[in-house]
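Number of protein chains: 2
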Amino acid sequence: MITIVAKGVVKEENINKFKEYAQTLVEETRKEKGCISYNLYEDINDPKIITFIEEWEDQEAIDAHVKASHFVEIVPKLRDLQESETEVNLYKRV
Amino acid sequence: MITIVAKGVVKEENINKFKEYAQTLVEETRKEKGCISYNLYEDINDPKIITFIEEWEDQEAIDAHVKASHFVEIVPKLRDLQESETEVNLYKRV
Chain A
19 MITIVAKGVV KEENINKFKE YAQTLVEETR KEKGCISYNL YEDINDPKII TFIEEWEDQE
79 AIDAHVKASH FVEIVPKLRD LQESETEVNL YKRV
Chain B
19 MITIVAKGVV KEENINKFKE YAQTLVEETR KEKGCISYNL YEDINDPKII TFIEEWEDQE
79 AIDAHVKASH FVEIVPKLRD LQESETEVNL YKRV
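Top line first, the protein sequences correspond to chains A and B. For the first sequence, this note's numbering assigns the number 19 to the initial residue and increments by one for each residue that follows. For the second sequence, this note's numbering assigns the number 19 to the initial residue and increments by one for each residue that follows.
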């Protein structure tokens, strides 16, 4: 299993739009083969910090995910709403 | 529910010691009231990046956690093995 944490800082005026686009991404991604869980989180102390925590069966599932039409269409829109680059880490359980 | 992501960068020579201390922290923390899950992860591409992902019932459980003897004893030791401060975010599900 691979766990991904993808943390972004969204421009304050774009928070609602970001959540709206992200919601579609969440719904479509959960239907993908190899997606164990895929959830969106907001920092309790700073609503501009919005993070995906994702669990995938293997790298093959992630490779397919980043080519899926919902990913290709929505992720660039999310990036445009952010203040800075997304911080992405791929993890294995220790 | 509150999800915590606590990301640290460990000095290369300290990685094994960090995991050893962290393992005790994981075992003891999982016994705590209000702890839903508590897991340790290592970045697939950089083993110096070690991250806790934690799920807690509420803030009260977190307040008790940071006062627990295993936390008070082990966390300062973990910090001493790191290159930099831990990046901690407390999240709610969107």
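Don't be surprised by glycine CBs; every beta carbon is placed ideally from N, CA and C. Keep in mind the model is a prediction, meaning the values are calculated, not measured.
query: Output the residue ranges of the alpha helix (DSSP H) runs that lie fully inside the segment 55 to 86 of chain B and measure 4 residues or longer, sorted by chain position.; result: 77 to 83
query: Throw me the rounded Cβ distance for the residue 20 of chain B and residue 77 of chain B pair, which I believe falls under 8 Å.; result: 7 Å
query: Please state whether the Cβ-Cβ distance between residue 106 of chain B and residue 22 of chain B is less than 9 Å.; result: yes
query: Taking the straight line between their C-alpha atoms, what separation do you get for residue 92 of chain B and residue 50 of chain B?; result: 15 Å
query: Do the CB positions of residue 112 of chain B and residue 68 of chain B come within less than 9 Å of each other?; result: no
query: May I ask you to report which of helix, strand or coil DSSP gives residue 42 of chain A?; result: helix
query: Decide yes or no for the touch test of the segment 28 to 38 of chain B against the segment 34 to 45 of chain A: beta carbon pairs closer than 8 Å, at least 3 of them.; result: no
query: Would you kindly check if the distance between the Cβ of residue 38 of chain A and the Cβ of residue 56 of chain A is under 9 Å?; result: no
query: Spatial neighbours of residue 79 of chain A within its chain, please: C-beta separation below 6 Å, excluding the five flanking residues on both sides.; result: 52
query: What did DSSP end up calling residue 28 of chain A once you bin it into helix, strand or coil?; result: strand
query: Give the residues of chain B in contact with residue 80 of chain A, contact being defined as C-beta atoms less than 9 Å apart.; result: Going along chain B, no residue has its Cβ under 9 Å from residue 80 of chain A, so there is no contact; the nearest lies around 11 Å.
query: I'd like to confirm something about residue 68 of chain B: is its beta-carbon nearer than 8 Å to some heavy atom of the ligand GDP, or not?; result: The ligand GDP is absent from the structure shown, which contains no ligands of any kind.
query: Could you please give the first and the last residue of the uninterrupted beta strand (DSSP E) stretch that includes residue 105 of chain B?; result: 105 to 111
query: Select from the segment 54 to 78 of chain B all residues with a C-beta closer than 8 Å to any C-beta belonging to chain A, and list them in chain order.; result: 57, 58, 59, 60, 61, 62, 63, 67, 68, 69, 71
query: Would you say residue 109 of chain A and residue 103 of chain B are within 9 Å of each other, going by their C-beta atoms?; result: no
query: For residue 43 of chain B, go through chain A and note every residue whose CB falls closer than 9 Å to its CB, in chain order.; result: None at all; the shortest Cβ gap to chain A is about 12 Å.
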